[in-house]
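Heads up, the sequence shown is in full-length UniProt numbering, so the first residue is 1 and it goes up one at a time. In this text, a Cβ means the ideal position worked out from N, Cα and C, and glycines have one as well. Every value quoted in this text rests on a predicted model; they were computed, and no experiment measured them. Have a look at the structure below, then the notes.
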Amino acid sequence: MERLEATVRRNASVWRQFVIYLKTKLEEWNNSLAHVIKLTFTDDVFLLYSYTSLLSEKPLLRNYAIFSNCIREACPGMTRSMLTATSSFRYIPRLPPPPPGARRTTTKLSALSSTRSGGVDGFSFPLSTADEIECLEAAVRQSQRIWEQYVQFLRNQKTTAMDIAGVMKLLFQDEALDGYNFNGIQGRQRQKRPLRMYAIFVDCMLEAWQEQDIDGPQLQKGITVAITASKSRQRVKRCRENKRYLFKRIQLFKQSAQEGVDNFIFPIPDCDTIERLEVSVRMFPNIRKQYVEHLRRVKDQTKEVVKAFPVLFSDTALEMYNYMGTGRKERRAMRDYHIFHDCMLEAWSEDGVNELVLAESINIVIKRADGRKRAKLFNFRRRIFQNVGTIFSSLGPDPQL
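Below, the structure written as structure tokens:
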């Protein structure tokens, strides 16, 4: 594509040939620029480019003559906003073709679903990603037929008793709306894409629901309510996922305590217990064997060395240790301990853990433990200062002063 761009800019005859090619393809596809671009460039091309600078630092397609000047020359009625909507492509991998029998069944079911719901050609609702929203917007702006299908689909979906938020839930999944809000304003957080600039969210919906007396302010309020409800559902989903994760961690801790080493409960709570475990591992072969087997079980469940350490040792127990034993504070070298070095290499060597990987993982574990300790101390001091300030403010000024 870079070679085509350079040739078009240098050679006027190549420029004219490319414009003629675009005109011919546009006539064949009824002025559908989206189809012409899809025929001219493969999906892999758009992995390395972006049309706007809001989403990535990739080279901007709007600065390329083959995507701007040549297209406007081939299609005189093409405005910049239409070109922006059409060229805002994201990479959508093409799935391998299904077996012939599955294809016939899928085609029959898709046609039946599209007939019953008055769907839109090439789109399956609810849309699940932001890429599908962008593609629908580009298709609606470029094809009058797609516009009319989408408007009719909106009419079929919304009954008189259904609110706009309910229709939005049928049209778009929560994950697809994650990067959008109505005005595009998000305070200090990442920039959102404004839905008020999209025809599929404003123009088409107003046209479809004008018989139900839906005006601009009502539409804005309904879309805002839908976005708020979508965020709430996502928060609830994340909360449930966190609960499931914590439940698995609790079960792992309980199992670790039951299937651990004789006379030791994991995670190890303090430095003295670490020293006692080290002495026991050095003196008693059966304790060493139990400890190595316990390391294997924990690693099989957590999959990573960094995640295995919190199951084995608490942050308080690791306060006096780091891998090399160096630092501003006096630390004990973990590489000199069998429980941190020899036993772990023996237990995890089959998983590709060597001395370098173990050292890097231990350094990450110690760094995170120190960070949690600093955060805990900071929050503790902040609560103290807040309580002291509340006490002094409740006392009021000294009457003697």
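(message) Taking 8 Å as the cut-off, does the region 271–285 touch the region 220–239 (at least 3 CB pairs, one atom from each stretch)?
(response) no
(request) State the Cα-Cα distance for the pair Ala317 and Leu195, rounded to the nearest angstrom. (result) 52 Å
(message) Is it buried or exposed, Lys299, if we count other Cβ atoms within 10 angstroms and call 16 or more buried?
(response) buried
(message) Please classify Ile200 as buried or exposed, where buried requires at least 16 neighbouring CB atoms within 10 angstroms.
(response) buried
(message) On a Cα-Cα basis, can you pick out the residue from Met205, Phe172 and Asn11 that is closest to Ser230?
(response) Phe172
(request) Evaluate the contact criterion for the region 374–385 versus the region 331–344: three or more CB pairs, one atom per stretch, below 8 Å. (result) no
(request) Answer yes or no: do Ala65 and Lys23 have a C-beta to C-beta separation smaller than 9 Å? (result) no
(request) Output the distance between the C-alpha atoms of Glu330 and Cys271, rounded to the nearest integer angstrom. (result) 14 Å
(request) With DSSP collapsed to three states, give me the class of Ile214. (result) coil
(message) Taking a contact to mean a Cβ-Cβ separation below 9 Å, would you say Ala130 touches Gly179 in this structure?
(response) yes
(message) Less than 8 Å between C-beta atoms, sequence neighbours within five positions excluded: which residues of the same chain meet that for Leu170?
(response) Phe125, Pro126 and Gln157
(request) Report buried or exposed for Glu355, applying the criterion of at least 16 other Cβ atoms within 10 angstroms of its Cβ. (result) exposed
(request) For Met168, count neighbouring Cβ atoms within 10 angstroms of its own Cβ and tell me buried if that reaches 16, exposed if not. (result) buried
(message) Quick test of the definition: if touching needs 3 or more C-beta pairs under 8 Å, does the region 289–299 touch the region 358–371?
(response) no
(message) Distance check for Glu350 and Met324, CA to CA, integer angstroms please.
(response) 24 Å
(request) Please classify Ala333: does DSSP put it in a helix, a strand, or coil? (result) strand
(message) Helix, strand or coil, according to DSSP, for Tyr321 in the structure here?
(response) strand
(message) Tell me the rounded alpha-carbon separation between Phe385 and Gly371.
(response) 21 Å
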